[in-house]
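As structure tokens, the structure follows; a few thoughts come after it.
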Amino acid sequence: MGAKIALFAFFMFFALCSATPTKPYTPCKNLVLYFHDVLYNGENAANATSAIVAAPQGANLTKLAPQFHFGNIAVFDDPITLDNKFHSNPVGRAQGFYIYDTKNTFTAWLGFTFVLNSTEHQGSITFAGADPILQKSRDISVTGGTGDFFMHRGIATIMTDAFEGEVYFRLRVDIKFYECW
Amino acid sequence: MGAKIALFAFFMFFALCSATPTKPYTPCKNLVLYFHDVLYNGENAANATSAIVAAPQGANLTKLAPQFHFGNIAVFDDPITLDNKFHSNPVGRAQGFYIYDTKNTFTAWLGFTFVLNSTEHQGSITFAGADPILQKSRDISVTGGTGDFFMHRGIATIMTDAFEGEVYFRLRVDIKFYECW
Amino acid sequence: MGAKIALFAFFMFFALCSATPTKPYTPCKNLVLYFHDVLYNGENAANATSAIVAAPQGANLTKLAPQFHFGNIAVFDDPITLDNKFHSNPVGRAQGFYIYDTKNTFTAWLGFTFVLNSTEHQGSITFAGADPILQKSRDISVTGGTGDFFMHRGIATIMTDAFEGEVYFRLRVDIKFYECW
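Residue numbers (my numbering), protein chains in the order written: chain A, 1 to 181; chain B, 182 to 362; chain C, 363 to 543.
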């Protein structure tokens with residue numbers, strides 16, 4: 001009888017322990033947020049939330065470069081909202097930069113942080129990775145977090161929710177944390 | 182009797198195993214370091230450890246931009262010291278960049294690495310995240326490490342320890358690793 | 363007898379559980395890849411895979427800056443190959459940027475992603491960290507991944523496999539993942 005319980009305990013714990021290294025593949029936390037980028041074009045200083053600050057030879061800082069904007073770096077401080085409305089009450093700011101990095105299609109490299117400051121969330125989430133812009137949905141890495149997102153890691157699925165010419169775009173970001181602490 | 186020991190073993194291991202996914206919240210390693218940034222302003226080439234390399238339209242590379250320096254990118258190679266003295270023997274270099282990314286307050290986005298090379302520490306620590314400069318103390322993510330800091334992750338608490346105009350600032354960085362390997 | 367099995371179970375599980383926090387130090391996955399960078403110098407527009415987009419005061423965008431290129435930022439979209447031949451069939455693109463960040467030697471700060479798209483690998487691997495270029499072999503952090511490299515972390519050992527003047531260089535990247543999911 002004791003032996004049976006011991007064996008039961010054995011397999012119970014084998015299950016528990018062996019489950020640990022095989023980390024869970026369902027998110028331990030999930031957030032869907034939108035952010036809105038208005039790029040400075042020389043005429044919209046009051047509304048612009050981002051600006052071109054670097055460009056390849058021959059290009060300027062008020063117009064995205066030819067060749068799929070290859071070589072442009074833009075700095076941004078964009079409002080984050082819970083829904084897709086630009087004028088909704090922001091719950092934080094998306095701050096960082098994007099780099100257009102291909103000459104024959106639209107792709108970007110993103111390094112940015114969501115700084116959340118609302119009744120629901122206090123803390124930061126940092127993202128880094130390649131963004132093949134033309135794909136409907138693309139994944140980038142969530143490399144760290146602070147505050148409510150202390151030590152978190154995960155994957156963010158980005159979708160272009162809307163865009164208007166080369167001045168406005170809105171991204172939907174579905175953040176799935178797989179390490180939550 | 183055997184059953185009791187089995188049950189004891191059961192709960193013992195339950196405690197041990199269940200403790201594993203709930204990772205420890207006390208740092209497994211802690212480092213306090215200072216680094217010193219002297220920004221090039223057109224006249225201090227000999228002493229400068231950093232330089233503005235990108236700016237928004239209309240700004241130049243020897244003076245931080247108006248509107249809270251929004252759009253400036255600075256590259257740096259700053260000495261790291263164990264105490265807050267600029268002339269102390271450096272234990273390494275802080276290398277990377279910062280971006281001023283807000284138009285209505287002072288905030289930055291940081292991507293940099295501590296390259297430590299002393300009798301005590303050999304290896305690198307990489308940081309990424311938002312820095313709301315005006316807050317007394319702010320957290321950013323430690324996303325990776327090499328050498329003595331192989332695979333480490335953690336949180337760095339940054340404090341502006343001193344600054345002189347727009348040319349010199351000194352940051353105190355309290356690095357708390359929660360994943361140490 | 364039951365007690366002995368219980369004790370055996372105890373130590374068995376102690377071994378299993380206690381092994382979990384001490385993560386494995388042999389890679390769970392290993393990849394060796396090459397990437398090839400051809401820097402735009404004003405005359406090689408057709409072949410160039412990267413371009414200088416930021417420079418310190420007084421420097422331009424077709425020639426790397428004096429003082430060990432301190433302050434240059436280059437954006438790249440480089441082919442990745444399985445061997446060291448530039449004309450081998452690419453298995454993906456290395457996309458991101460490097461910053462020359464020291465005035466008295468050659469060092470860089472790298473932020474980039476391998477976007478792999480071959481029969482063997484689909485997914486992205488993101489790197490960040492300091493690159494002391496003149497060292498034969500140097501380690502940087504692998505901070506995240508997507509697709510086949512979902513949530514991966516690791517260390518990449520970079521070696522300069524070849525270079526021609528300041529226009530072409532080829533890097534060998536030995537990626538060792540220690541967290542594989």
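Ideal placement from N, C-alpha and C gives every residue a C-beta, glycine not left out.
Spell out the partners DSSP gives Q429/C in its beta bridges.
DSSP lists no partner for Q429/C.
Skipping 5 residues on each side, what residues in its chain have a beta carbon closer than 8 Å to that of P27/A?
G154, K176, F177, Y178
Beta carbon of G71/A nearer than 8 Å to that of V415/C
yes
Same chain, Cβ closer than 6 Å to S269/B, five either side skipped, listed in chain order
T262
Could you say if the stretch 98–117 of chain A and the stretch 56–71 of chain A meet the contact criterion of at least three C-beta pairs nearer than 8 Å?
yes
Return the CA-CA distance between D439/C and D399/C, expressed in angstroms with no decimal places.
8 Å
Please tell me whether I339/B and R319/B are closer than 8 Å, where the distance is taken between their beta carbons.
yes
is_contact[K374/B, chain A] using C-beta, thresh 8 Å:
In the structure as shown, chain B starts at 182 and stops at 362, and residue 374/B therefore has no counterpart that could be examined.
Following the continuous beta strand (DSSP E) through N479/C, name the residue where it begins and the one where it ends.
470–479
Backbone CA spacing between Y387/C and T341/B [nearest angstrom]
37 Å
Per DSSP, L352/B is paired with what?
F216/B, T341/B
Can you round the beta-carbon distance between Q303/B and G277/B to whole angstroms, since I take them to be within the 8 Å contact cut?
Not confirmed; about 19 Å, so no contact.
Buried or exposed (CB count within 10 angstroms, at least 16 for buried), G145/A:
buried
State the Cα-Cα distance for the pair A232/B and V256/B, rounded to the nearest angstrom.
6 Å
Taking only three categories from DSSP, how would you classify K498/C?
coil
Local conformation of V91/A per DSSP, three classes:
coil
Leaving out five residues on either side along the sequence, give the residues of the same chain with a beta carbon under 6 Å from the beta carbon of R353/B.
Y215, M340, D342
Where does Q484/C sit, in a helix, a strand or coil, going by DSSP?
strand
Could you confirm whether any beta carbon from chain C is found closer than 8 Å to the beta carbon of S269/B?
no
Specify the secondary structure class of P383/C as computed by DSSP and reduced to three states.
Because P383/C sits at a pLDDT of 39, beneath the cut-off of 50, its placement in the model cannot be relied upon, and the following sentence gives the value as read from the coordinates. Correct three-state label for P383/C: coil.
Please classify L134/A as buried or exposed, where buried requires at least 16 other C-beta atoms within 10 Å of its C-beta.
exposed
Please go through the stretch 404–429 of chain C and give each complete beta strand (DSSP E) segment of 3 or more residues, from N-terminal end onward.
412–416
Please name the residue or residues paired with Y402/C in a DSSP beta bridge.
Beta-bridge pairing links Y402/C to no other residue.
If you draw a straight line from the C-alpha of A456/C to the C-alpha of A94/A, how long is it?
25 Å
Considering only DSSP beta bridges, list what D440/C is partnered with.
A456/C
Let me check understanding here. Comparing Cα to Cα, which of E120/A, S118/A, F127/A, T119/A lies closest to G111/A?
F127/A
How should V296/B be labelled, buried or exposed, when 16 other C-beta atoms within 10 angstroms of its C-beta is the threshold for buried?
buried
What separation, rounded to the nearest whole angstrom, lies between the Cα atoms of V453/C and P441/C?
8 Å
On a Cα-Cα basis, can you pick out the residue from Y100/A, N117/A, K136/A that is closest to E166/A?
Y100/A
Taking C-beta pairs closer than 7 Å, name the residues in chain C that I254/B reaches, listed in chain order.
A416
Note down, in chain order, every chain A residue with its Cβ under 8 Å from the Cβ of G310/B.
T113, S124, T126, G144, T146
Would you report the Cα separation of Q238/B and T481/C, rounded to the nearest angstrom?
44 Å
Compute the Euclidean distance between the alpha carbons of D83/A and F169/A, then round it to the nearest angstrom.
14 Å
Which residue's Cα is closest to the Cα of F149/A: Y98/A, P132/A, C180/A, F163/A?
C180/A
Minimum Cβ-Cβ distance from F106/A to chain B less than 8 Å
no
Within chain B, partners of L64/A - CB distance below 9 Å:
The premise fails here: L64/A is roughly 13 Å from chain B at the closest Cβ pair, so nothing lies under 9 Å.
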